[in-house]
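Novice:
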Ligand code: AMP
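Numbering (the numbering used here), first residue to last: 517 to 1089.
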């Protein structure tokens, strides 16, 4: 077993780790520290939390930075505010005997003004969450020109939380970077991609076992028709009385409408979307975090970076188009050793998408029956009984009421009292679900009813045709049907995936996705099929507006308008 001295760490750091009771380096420290002390070698450490990885990068960082130079030299990027604070706390302990070294934490949800002030004090190590860091870069409040070392801690979590673009932006904007140190508990393909693109011949070290898929998430799906989506959502919520979850929609309008409808119907829910001010957003998030709000409904963009412990369910009101987005969404549950469930409401025409997500996500997905009204009532009833039995009655105040209660209920039996309590509690469920219909989309053809052992086959086949069907209907549109084709100078290079693009154009125009046909996205431009009647509204809402400082150009692609290729400044140029 080796020692910190043998690894070549500065004596002042060893004195501090001694005091912390570190006798020997942990496995990740033993393998990482000698490599990282060179300062020039890219490194990938596959290690879980608790393996001592903070010291594995913290000690070499402190060893190699120049304490006399008062500007940021090292950047540690991590997914959450909690982790950010924890890393800074540990680094502070390690540097106890070093003078002239400063470390600062910058993260969202706290005063940016105070953080800017801290940065101005001449810090060498910045520990940041991606969103706040980008904010500081855009405000020119942080100088990354001389950052030599970038550490990506819990990289898989950051990608799960939707920070991929931000991480790439940060890596692109650290021109003096001499080495990148990436730590991650898992190695999903997205991390491989980032490492291939931004790292040079990284030394890779694995400590313990690396899992590829998050096994603490149970992926489930329900198949229904498009018009029963909302009812299905309600059934799922009602069938899980203790639910603490996030529902994802594609558009702001859906999030708003569903939230309002569910609130009217007595559910404990609020929406998170791009139209909220920071203050409103903080308020909703605060309520959700302290569990005074049971459900949150959000668009992908608005939910970026949400880190709430104990989420039991993530519900995809609709499936996202991109596998990455599915992964971001489902990653909100099953965290910190907890089990979670990711539910998708799928209609037959989405099955082909679903199969693709299932394959790439490398997890087994379970088809579930949408519970019947009776199932829901039974579940609610048992939940109610459990609640009744576990109610705390230790307060002696209740004793004083017992004689009064006994007198009042003298003429009715215990059974009747219980019945009355039950009726009071969940009459609304019984009434609501009295004549409820079966929401499951069931196969109807003779062939399928003979083939119960493989009930999904038919859906798969018909869905496998989904793309082609759309292709056929496109021919119909171009033959003079109800569609126009719009050109817009936004594309995948602007950081859009199909789903986020769809959400963006619908949010901007306040239109519903039903008006859209096929969307064809290229690097720099996209073409959108849209109901003729809605085309002008979309053009009016987008054409001439700004997207990340660039003017959007949108016009009818088939009316001879200029759909050319204009060189545009990109973010960071
Ligand atoms: P981390 O994986 O960085 O979250 O570290 C997990 C815990 O292990 C922290 O409480 C560290 O203080 C502790 N730790 C890190 N390195 C060592 C070591 N070499 N010996 C003993 N404890 C350590």
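C-beta atoms are modelled at their ideal positions from N, C-alpha and C, and glycine is treated no differently.
Beta carbon of residue 569: closer than 7 Å to some heavy atom of the ligand AMP?
Specialist: Because some heavy atom of the ligand AMP lies under 7 Å away, the Cβ of residue 569 counts as near it: yes.
Novice: For the ligand AMP, is there any heavy atom lying closer than 7 Å to the beta carbon of residue 550?
Specialist: No, the Cβ of residue 550 stays beyond 7 Å of every heavy atom of the ligand AMP.
Novice: When you compare each of 831, 807 and 808 to residue 815 by their alpha carbons, which one comes out closest?
Specialist: Nearest C-alpha to residue 815: 831.
Novice: CB residue 735 to CB residue 846, shorter than 8 Å?
Specialist: It is a contact, given that the beta carbons lie within the stated cut-off.
Novice: Could you give the uninterrupted runs of the alpha helix (DSSP H) lying entirely in the segment 708-790, keeping only those of 4 residues or more?
Specialist: For the segment 708-790, whole alpha helix (DSSP H) runs of length 4 or above, ordered along the chain, are 745-755 and 768-780.
Novice: Hey, how far is the Cα of residue 982 from the Cα of residue 864?
Specialist: For residue 982, the predicted structure reports a pLDDT of 32, less than 50, and the residue's modelled location is therefore unreliable. A value from the coordinates is still provided. When rounded, the distance between both Cα atoms is 10 Å.
Novice: CB residue 516 to CB residue 999, shorter than 8 Å?
Specialist: Residue 516 is absent from the structure shown; the chain starts at 517 and stops at 1089.
Novice: Taking the continuous alpha helix (DSSP H) assigned at residue 802, which residues delimit it?
Specialist: Looking at the DSSP string, the run of the alpha helix (DSSP H) that includes residue 802 is 794-805.
Novice: Within 10 angstroms of the Cβ of residue 522, are there 16 or more other Cβ atoms? Answer buried if so, exposed if not.
Specialist: Result: exposed.
Novice: Inspect the beta-carbon positions of residue 567 and residue 544 and report whether they are closer than 8 Å.
Specialist: Yes, the pair counts as a contact, with Cβ atoms nearer than the cut-off.
Novice: Expressed to the nearest angstrom, what Euclidean distance is found between the alpha-carbon atoms of residue 1061 and residue 1025?
Specialist: If you take the alpha carbons of residue 1061 and residue 1025, they lie about 11 Å apart.
Novice: With respect to the beta strand (DSSP E) encompassing residue 1036, which residues constitute its N-terminal and C-terminal limits?
Specialist: Here the beta strand (DSSP E) through residue 1036 covers 1032-1037.
Novice: Using a Cβ-based criterion (distance less than 7 Å to any ligand heavy atom), does residue 578 qualify as near the ligand MG?
Specialist: No copy of the ligand MG occurs in the structure displayed; its ligands are the ligand AMP alone.
Novice: Report all residues from its chain with a CB closer than 7 Å to the CB of residue 838; omit the five preceding and five following residues, and keep chain order.
Specialist: Closer than 7 Å at the Cβ level, and outside the excluded window around residue 838, lie 1013, 1014 and 1015.
Novice: For residue 650 versus residue 591, is the C-beta spacing smaller than 8 Å?
Specialist: No; because the gap between Cβ atoms is not below 8 Å, this pair is not in contact.
Novice: Shorter than 7 Å, the distance from the beta carbon of residue 545 to the closest heavy atom of the ligand AMP, or not?
Specialist: Yes, the ligand AMP has a heavy atom inside 7 Å of this Cβ.
Novice: Grouping DSSP H, G and I as helix and E and B as strand, with all else coil, what is residue 677?
Specialist: Residue 677 falls in the coil class under three-state DSSP.
Novice: Would you mind giving the Cβ-Cβ distance between residue 817 and residue 790, rounded to the nearest angstrom? I have them listed as a contact below 8 Å.
Specialist: Sure, about 6 Å apart at Cβ, within 8 Å.
Novice: Determine whether the beta carbon atoms of residue 813 and residue 774 lie at a separation below 8 Å.
Specialist: Against a cut-off of 8 Å, the Cβ pair of residue 774 and residue 813 comes out as a contact.
Novice: Under 7 Å Cβ to Cβ from residue 997, same chain only, skipping five residues before and after it: list those, please.
Specialist: Its pLDDT being 44, under 50, residue 997 is placed unreliably by the model, and nothing is read from it.
Novice: Would you mind reading off the limits of the beta strand (DSSP E) that contains residue 700?
Specialist: First-last of the beta strand (DSSP E) with residue 700: 695-700.
Novice: At which residues does the beta strand (DSSP E) containing residue 1047 begin and terminate?
Specialist: Note, residue 1047: beta strand (DSSP E), 1042-1047.
Novice: Which residues does DSSP list as the beta-bridge partners of residue 815?
Specialist: Answer is 765, bridged to residue 815.
Novice: Does the structure place the segment 881-899 close enough to the segment 751-768 that three or more beta carbon pairs sit under 8 Å?
Specialist: Yes: the two stretches touch, three or more of their Cβ pairs being nearer than 8 Å.
Novice: Within the same chain, show all residues whose beta-carbon is closer than 6 Å to that of residue 1044, passing over the 5 residues directly before and after it, in chain order.
Specialist: Same-chain partners within the cutoff: 1002 and 1035.
Novice: Let me confirm a value: residue 561 is counted as buried when at least 16 other C-beta atoms fall within 10 Å, else exposed. Which label applies?
Specialist: That one is buried.
Novice: Give the single residue among 1058, 1066, 1004 and 1065 whose Cα lies nearest to the Cα of residue 1074.
Specialist: Looking at the Cα atoms, 1004 is the closest of the given residues.
Novice: Does residue 1064 come out as helix, strand or coil in the three-state DSSP assignment?
Specialist: Coil at residue 1064, not helix or strand.
Novice: Closest to residue 579 by C-alpha separation, out of 633, 617 and 606, would be which residue?
Specialist: Comparing Cα positions, the closest option is 617.
Novice: Give a yes or no on whether the C-beta atoms belonging to residue 1022 and residue 792 are separated by under 8 Å.
Specialist: Their beta carbons are not under 8 Å apart, which means residue 1022 does not touch residue 792 by this criterion.
Novice: For a test of the three-state rule: what should DSSP assign to residue 860, helix, strand or coil?
Specialist: If DSSP states are grouped into helix, strand and coil, residue 860 belongs with the strands.
Novice: Hey, is residue 541 close to the ligand AMP, as in C-beta under 7 Å from one of its heavy atoms?
Specialist: Yes, the Cβ of residue 541 comes within 7 Å of a heavy atom of the ligand AMP.
Novice: What separation, rounded to the nearest whole angstrom, lies between the Cα atoms of residue 1072 and residue 778?
Specialist: Those two C-alpha atoms are separated by around 38 Å.
Novice: Just how far apart, CA to CA, sit residue 1063 and residue 1007?
Specialist: Each residue's Cα considered, the two are about 11 Å apart.
Novice: Rounding to the nearest angstrom, what Cα-Cα distance links residue 786 and residue 944 in this structure?
Specialist: Between residue 786 and residue 944, the C-alpha separation is close to 22 Å.
Novice: Buried or exposed for residue 862, going by 16 or more other Cβ atoms inside 10 Å?
Specialist: It counts as buried.
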